[in-house]
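Going down the list, the protein sequences come from chains A and B. Sequential numbering of the first sequence, starting at 1, is according to the numbering used here. Sequential numbering of the second sequence, starting at 1001, is according to the numbering used here. Each residue gets a CB set at the ideal place from its N, CA and C atoms; glycine is no exception. These numbers were taken from a predicted model, which means no experiment stands behind them. Accompanying notes for the structure given below.
There are 2 protein chains.
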Amino acid sequence: MQICISLAQLMSRGSKGLLRGSRRDGCPNPDTRPRGVERSVQHQKLATIEDVAALAGVSIATVSRAINEPTKVADATRRKVTEAVAKTGYTTNAMARSLRMRRSNMILILAPDVGDPNFSNILVGLETEASKRGYGVLIGNTQNDPTRETDYLRFISSNQADGLILFTGHLPYGFGQEGGEARLPAMVAVNEPVANADVPFVGVDNFEGSRVAAEHLISQGHRRIAFIGHSTSKAVNMLREQGYRAALQAARIEVDPRMILDGDGTTESGRAAAEHMFVRDVLPSAFLCVNDATALGVIISLNTRKYDLPRDFSIMGFDDISFASFVTPALTTMKQPRLKIGEKAMDLLLALLEGKPPKEPEVLLRAELIVRNSVSRPGYER
Amino acid sequence: MQICISLAQLMSRGSKGLLRGSRRDGCPNPDTRPRGVERSVQHQKLATIEDVAALAGVSIATVSRAINEPTKVADATRRKVTEAVAKTGYTTNAMARSLRMRRSNMILILAPDVGDPNFSNILVGLETEASKRGYGVLIGNTQNDPTRETDYLRFISSNQADGLILFTGHLPYGFGQEGGEARLPAMVAVNEPVANADVPFVGVDNFEGSRVAAEHLISQGHRRIAFIGHSTSKAVNMLREQGYRAALQAARIEVDPRMILDGDGTTESGRAAAEHMFVRDVLPSAFLCVNDATALGVIISLNTRKYDLPRDFSIMGFDDISFASFVTPALTTMKQPRLKIGEKAMDLLLALLEGKPPKEPEVLLRAELIVRNSVSRPGYER
DNA sequence: TGCATCTATGTAAACCTTTACATGATTCAT
DNA sequence: ATGAATCATGTAAAGGTTTACATAGATGCA
């Protein structure tokens, strides 16, 4: 039995869709195939543009043009080249191309922890968009280690990556100190805006989202609403707290400082904050949490105290992480459009690379209210 | 105020640790610095090996050697080169190097969904190990789309990646059909072994882990133990079921086929399976689930039916995903060493790239029993 | 017909390394 | 003192593209 698909051909198949016209039907009779092809497969030595040129009877420049700027080449020639490409299984060597063009079509993504589900889902969006546009995605898991952050910049400086996506909320350690003297690489921040630097940001509208969440609670009749997760260090937390305050203000509800508790966004801190409220015995009818993880902590605390949720207390989170729908009671929350955030951020970065300056310094996407079972009208109204 | 750290210098800092000896202390007086440096920064044109050679007064070959094989160069010369490198802020151009050396020091990771927390945590391990060894990590999110799988192979065929990590459980679509005629790239499978192909595998020991889990239930006195998540399609499920059977057999408990239910590993399927048991009214005292997501479904079902857990039923999962500790009752489960799996898999792949054939076809890591609150002695014993 | 313009292709340089081989200096053993 | 061996460095080729510029033929227009 004669098997005709060569590895190289196989690999070149989907390649950038350049060779759309190539035949995928019958195999040429083996002994009409140029000898060079078989050797190249056996010896792991891939076909080069020269092999294609020789087979097509044109110069390498023409081959290059036929592939990259098809309109600049005569129809007949283009056909010959396309055919030769198919026969040899040629794929353009990305290294040589990058060396020559001084761009790698790669994007470096710097994140503190790719394992964080909030990050990894944005990552999917980033990757999807990049791949659609012919870019590859390189990941750097910094674990908040300054050394590693700096280290990853070698991908930029060595031309291995053209642009940078930052999850970290700050420039890589030590970066940008020279006050604009040196141009920074194309960058877009995601998840957390970069402080003290002019980096375009794509993320959820935290202020607005939190406002909508608080409004939802208010619309259910709540007036004593606690906010768990105050923290001045992160923009996310600050904005969400401000949204909460705005909603209360708009409803003419005075903001009670005893209703605003600290937290660092972890489940444990949510639990601790709820416990703290019981110790002080200043109880709200609803908890608005800075994120779902915190809300989970609150729920655990309340469940442990044998409260009946949501009859006794209403709880809202923010993010809509996967288990929000599984916890009891299922959590009413604001859904972050993570996929869209990733796609939009990558879109912006690629536009930047093509020399288009961003129209606005930040793109804010709406969070969506997801109503589940953790909110009801407050007990004293029933 | 004079700021002396140039962007290029900054970027070259951590770079592969080659220039360990370079000074990081006082800045040279600005006007003793060669003019070229400033220009190169301004014009975004990075220093090349030639610039370094000129400054150090040696040939480019010597510079290359001083950087890559320091022992082959005289001490004095090495010092001169190191100094010139520091002054120019030289970083070796990865593209040129890769082109010449025909290796990119990049690894391509193919995963169906990077957003899956099970995957993303292995990913962290992969990345950590790769980075430690000077490799970069390229991700391909295939979404189980055959076209995308094939498409990503261009990274291999174009020399942009040297090796491949497969999360997918199968070779990229259409790959390897030519029956060994063409050599496949260096590959290691993770999470799910590759069927019908000789690809080294690194993962958790599912059989043994599941056996330990079942043993744990048996040791608590359970004899009617259901297994939720039977499925012949995936190796993971098969092995976990076999571990369950082995434990029962060893304890001389007959395996009741009515106690083995289908499931596809989702929370919904776990819920459905539990419901199914109640409809048929063939009840176990404990549920051993193929994974935590399934176990969560079972718990939801039982909670909804107002059972008191774990008094009425014991539940065990497998994986130890993040919320396992937050659900009520907190889930007793087998913890997958995800980080370690990633690290080990990458280690194996890099060894493979260095020409060392793997000693064994698969590396199995032990799962760890995590005891929480979802298991107690069965009710009829109390 | 003659000249300008356009189109299709080819030539060769540039992108920046690594490394086989050559060279010359130094050391060592005889 | 001589030849061999070792060491440090330099020369130049090779790796595979893209593209500015040159060339030659075709086309258009007066």
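{"Query": "Burial state of Val1279 of chain B, where buried means 16 or more other Cβ atoms lie within 10 Å", "Result": "exposed"}
{"Query": "Three-state secondary structure assigned by DSSP to Leu1055 of chain B", "Result": "helix"}
{"Query": "Residue closest to Leu1355 of chain B, alpha-carbon to alpha-carbon, out of B:Leu1248, B:Pro1185, B:Val1371", "Result": "First, the amino acid is wrong: residue 1355 of chain B is Gly here, not Leu. Considering only alpha carbons, the answer is B:Pro1185."}
{"Query": "Candidates B:Phe1155, B:Asp1075, B:Leu1309: closest to Arg1372 of chain B by CA position", "Result": "B:Leu1309"}
{"Query": "Nearest-angstrom Cα separation, counted from Val58 of chain A out to Arg65 of chain A", "Result": "11 Å"}
{"Query": "Interface flag, Val965 of chain B vs chain A, CB-CB below 8 Å", "Result": "The question about residue 965 of chain B has no answer here: the residues shown for chain B are numbered 1001 through 1382."}
{"Query": "The segment 1326-1356 of chain B: positions lying closer than 9 Å to chain A by Cβ", "Result": "Phe1326, Val1327, Thr1328, Arg1338, Leu1339"}
{"Query": "Residues near Ser1374 of chain B in its chain [Cβ-Cβ closer than 6 Å; skip 5 each side]", "Result": "Pro1310, Ile1315, Pro1329, Leu1331, Thr1332"}
{"Query": "Chain-ordered neighbours of Asp113 of chain A on chain B, where CB pairs are closer than 8 Å", "Result": "Val1124"}
{"Query": "Bounding residues of the alpha helix (DSSP H) (the contiguous stretch that carries Asp1347 of chain B)", "Result": "1338-1353"}
{"Query": "Beta carbon proximity, Val1375 of chain B to chain A, threshold 8 Å", "Result": "no"}
{"Query": "Cβ neighbours of Phe201 of chain A in the same chain (closer than 6 Å, five flanking residues each side left out)", "Result": "Ala189, Pro193, Glu362"}
{"Query": "Amino acids of chain B, ordered along the chain, whose beta-carbon sits closer than 7 Å to that of Asn291 of chain A", "Result": "The contacting residues do not exist; Asn291 of chain A stays about 14 Å from chain B at best."}
{"Query": "Straight-line Cα distance separating Ala293 of chain A from Tyr173 of chain A", "Result": "28 Å"}
{"Query": "At least 3 beta-carbon pairs within less than 8 Å: the segment 1341-1355 of chain B vs the segment 1120-1130 of chain B", "Result": "yes"}
{"Query": "Cβ shell of Pro1117 of chain B (< 7 Å), same chain only, five flanking positions each side left out", "Result": "Ile1321, Ser1322"}
{"Query": "Three-state class that DSSP yields for Phe1207 of chain B in the structure shown", "Result": "helix"}
{"Query": "Short CB-CB distance (under 8 Å) between Pro200 of chain A and chain B", "Result": "no"}
{"Query": "Cβ shell of Ala1096 of chain B (< 6 Å), same chain only, five flanking positions each side left out", "Result": "none"}
{"Query": "Contact belief for Leu364 of chain A with Gly203 of chain A at Cβ below 8 Å, rounded distance in angstroms", "Result": "7 Å"}
{"Query": "9 Å Cβ cut-off: residues of chain B touching Arg311 of chain A", "Result": "Going along chain B, no residue has its Cβ under 9 Å from Arg311 of chain A, so there is no contact; the nearest lies around 16 Å."}
{"Query": "Straight-line gap, Glu1187 of chain B to Arg1245 of chain B (C-alpha atoms, nearest Å)", "Result": "The question names Glu, but residue 1187 of chain B is Met in the sequence shown. Cα to Cα, Met1187 of chain B sits roughly 32 Å from Arg1245 of chain B."}
{"Query": "Contact the segment 282-301 of chain A vs the segment 227-238 of chain A: 3+ CB pairs below 8 Å", "Result": "yes"}
{"Query": "Rounded straight-line distance, which links the Cα of Ile1299 of chain B to that of Tyr1135 of chain B", "Result": "43 Å"}
{"Query": "Counterpart residues of Phe201 of chain A in DSSP-defined beta bridges", "Result": "A:Ala189, A:Glu362"}
{"Query": "Sufficient close CB pairs (3 or more, under 8 Å) joining the segment 1098-1115 of chain B to the segment 1138-1152 of chain B", "Result": "yes"}
{"Query": "Those residues which DSSP pairs with Gly163 of chain A across a bridge", "Result": "A:Ile107, A:Ala186"}
{"Query": "Cβ of Met95 of chain A within 8 Å of any chain B Cβ", "Result": "yes"}
{"Query": "Proximal residues of chain A, C-beta to C-beta of Asn1068 of chain B below 7 Å", "Result": "Those within 7 Å of Asn1068 of chain B in chain A number zero; the least Cβ separation is about 14 Å."}
{"Query": "Opening and closing residue of the beta strand (DSSP E) in which Thr333 of chain A lies", "Result": "333-335"}
{"Query": "Alpha-carbon to alpha-carbon, Val52 of chain A and Val63 of chain A", "Result": "7 Å"}
{"Query": "Nearest-angstrom Cα separation, counted from Gln336 of chain A out to Gly1163 of chain B", "Result": "35 Å"}
{"Query": "Own chain, CB closer than 6 Å to Tyr1090 of chain B, minus 5 neighbours either side, in chain order", "Result": "Ala1047, Val1052"}
{"Query": "is_contact[Glu1127 of chain B, chain A] using C-beta, thresh 8 Å", "Result": "yes"}
{"Query": "Gly1180 of chain B, buried or exposed, once every other Cβ within 10 Å from all chains shown has been counted against 16", "Result": "Confidence is the limiting factor: at Gly1180 of chain B the pLDDT is only 38, short of 50, which leaves the residue's position unreliable and the question unanswerable from this model."}
{"Query": "Buried versus exposed call for Val282 of chain A [16 or more other C-beta atoms within 10 Å across all chains shown]", "Result": "exposed"}
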